[in-house]
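**Student:** Protein chains in written order, with my numbering: chain Z, 172 to 286; chain W, 12 to 124.
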Amino acid sequence: EAQVTQNPRYLITVTGKKLTVTCSQNMNHEYMSWYRQDPGLGLRQIYYSMNVEVTDKGDVPEGYKVSRKEKRNFPLILESPSPNQTSLYFCASSGFVAGGVDEQFFGPGTRLTVL
Amino acid sequence: ELKVEQNPLFLSMQEGKNYTIYCNYSTTSDRLYWYRQDPGKSLESLFVLLSNGAVKQEGRLMASLDTKARLSTLHITAAVHDLSATYFCAVDHSGGGADGLTFGKGTHLIIQP
Numbered sequence: 172e173a174q175v176t177q178n179p180r181y182l183i184t185v186t187g188k189k190l191t192v193t194c195s196q197n198m199n200h201e202y203m204s205w206y207r208q209d210p211g212l213g214l215r216q217i218y219y220s221m222n223v224e225v226t227d228k229g230d231v232p233e234g235y236k237v238s239r240k241e242k243r244n245f246p247l248i249l250e251s252p253s254p255n256q257t258s259l260y261f262c263a264s265s266g267f268v269a270g271g272v273d274e275q276f277f278g279p280g281t282r283l284t285v286l
Numbered sequence: 012e013l014k015v016e017q018n019p020l021f022l023s024m025q026e027g028k029n030y031t032i033y034c035n036y037s038t039t040s041d042r043l044y045w046y047r048q049d050p051g052k053s054l055e056s057l058f059v060l061l062s063n064g065a066v067k068q069e070g071r072l073m074a075s076l077d078t079k080a081r082l083s084t085l086h087i088t089a090a091v092h093d094l095s096a097t098y099f100c101a102v103d104h105s106g107g108g109a110d111g112l113t114f115g116k117g118t119h120l121i122i123q124p
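Printed below as a string of structure tokens:
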């Protein structure tokens, strides 16, 4: 089954404790992306990657890191989480069509609370 | 900075009625996406619009793109309760190349019997 998986699905942590949210896709997609969703603000892109070893900042990259060492995996790293990073996080992947991003397939989401 | 505005942000309508959701964006782009999100769920792709004048239809939903007006519409025909959801549009930053995406804030749609 074609899917994007994220782990963990729920996480409560404390300020300053480094964490990683994993994302994996089995569709051989080149494009992967991380978003955060906050009430009243919609989805905002954090980072995206067009292929292995190619990553770029989205609209809200501060406080986050990513890596793309393998095509299927795109982990999101919070080196020193703060309460303003409490949010619902989505990973997504897609192929390319006509030189640009095709429809994205979203993971189930990770609800993060930073105390 | 690319801005994407959806209107309305909240819509309550009756079954059987027609309505349109609007998505305006601020810079040149010829690539626009529509997604649906049910409460507590992830997002599901509805349409990918890749050029000026593109029109796509799936069931009671039809999406169109006017790149000159920087406007996309999502039209709902004879709404049914199952279409209740939040609908997002998203625009590619670069106007054609694979790049970042900016989402609108979403339109929360409630369809009442």
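Positions of the beta carbon are idealized from the N, C-alpha and C atoms, including for glycine.
#1: Give me the Cα-Cα distance between VAL231/Z and TYR218/Z, rounded to the nearest whole angstrom.
#2: LYS291/Z bridges to which residues according to DSSP?
#3: Using a Cβ-Cβ distance under 8 angstroms, would GLY234/Z count as near chain W?
#4: Checking contacts by CB at 8 angstroms: is GLN275/Z closer than that to chain B?
#5: Which residues, taken in chain order from the segment 33 to 44 of chain W, show a beta carbon closer than 8 angstroms to some beta carbon of chain Z?
#6: Measure from the C-beta of PHE261/Z to each C-beta in chain W and report whether the shortest distance is under 8 angstroms.
#7: Looking at GLN177/Z: is its Cβ nearer than 8 angstroms to the Cβ of PRO279/Z?
#8: Between LYS67/W, GLU16/W, ARG47/W and LYS79/W, which has its C-alpha nearest SER40/W's C-alpha?
#9: Please return the same chain residues whose Cβ sits closer than 6 angstroms to the Cβ of SER264/Z, not counting the five positions on each side in sequence.
#10: I'd like to know whether the C-beta of LEU182/Z is nearer than 8 angstroms to at least one C-beta of chain W.
#11: Closer than 7 angstroms, Cβ to Cβ, to anything on chain Z: give me those residues from the segment 79 to 105 of chain W, in chain order.
**Tutor:** According to the structure shown:
#1: 8 angstroms
#2: In the structure displayed, chain Z extends from 172 to 286; residue 291/Z sits before or after that span and is not available.
#3: no
#4: Absent here is chain B; the protein component of the structure consists of chains Z and W.
#5: ARG42 and TYR44
#6: yes
#7: yes
#8: LYS79/W
#9: VAL175, GLN196, HIS200, MET203 and PHE276
#10: no
#11: PHE99 and ASP103
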